[in-house]
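Residue 2 is where the sequence shown starts when you use the working numbering, and the numbers rise one by one after that. Below: the structure, in structure tokens.
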Amino acid sequence: MTSYAAAVRRPPRTLTDLDQARVLKVTGEHRDGFRDHVILSVALGTALRQHEIAALDVGDIVADDGRVRRRIALRVFKRSSAHPAPQQVFLPDATWYKLTKFLGWKRAQGESLAPDAPLAPASISRVMVPITLVHACLTGSENASPRRCDRVCS
């Protein structure tokens, strides 16, 4: 006979503060990884789900005056009813700063800053799909406990 405690599924393991710092360090070390670094920073700073991050457009992040918003109204989010209440997230200071730099990087790369342009498009297609987030998480953290990295974007 098995015990109840052994039969109960454990909650998913999350990254420790040290693991998070390692993931951000690895992705932030090189210019080529800056996009992934910003995506992970948004995921860790706001606790948004994969599809919520993938659905963000430049217009969701940038206000009419051209500055990055501190509060983001989500257009796509997990719904618990047919008529969900509006959802917002607040950007931590570090994430806000990185998004500000990221928009400058997008401008320098010649990427669109139009309000309907995807915030972080995939390199091949126009929009970033959730699996791209997982890939960014896994490849950006080879040295930072990859067995748990898939929890960052879940």
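Where is the CB? At the ideal position from N, CA and C, for every residue including glycine.
*For V90, the first and last residue of its enclosing beta strand (DSSP E)*: 88-91
*For V69, the three-state DSSP class (helix, strand or coil)*: strand
*If we count the other Cβ atoms within 10 Å of its Cβ and call it buried at 16 or more, is T17 buried or exposed?*
exposed
*Check whether the segment 96-114 touches the segment 40-55, counting contact only when three or more Cβ pairs, one atom from each stretch, lie closer than 8 Å.*
yes
*For D58, three-class secondary structure by DSSP*: strand
*Roughly how many angstroms separate the alpha carbons of F83 and H38, rounded to a whole number?*
Note on residue identity: the sequence assigns Ala, not Phe, to residue 83. Whole-angstrom Cα-Cα distance: 34 Å.
*Which residues mark the beginning and the end of the alpha helix (DSSP H) in which V63 is found?*
Run containing V63: none; DSSP gives neither H nor E here.
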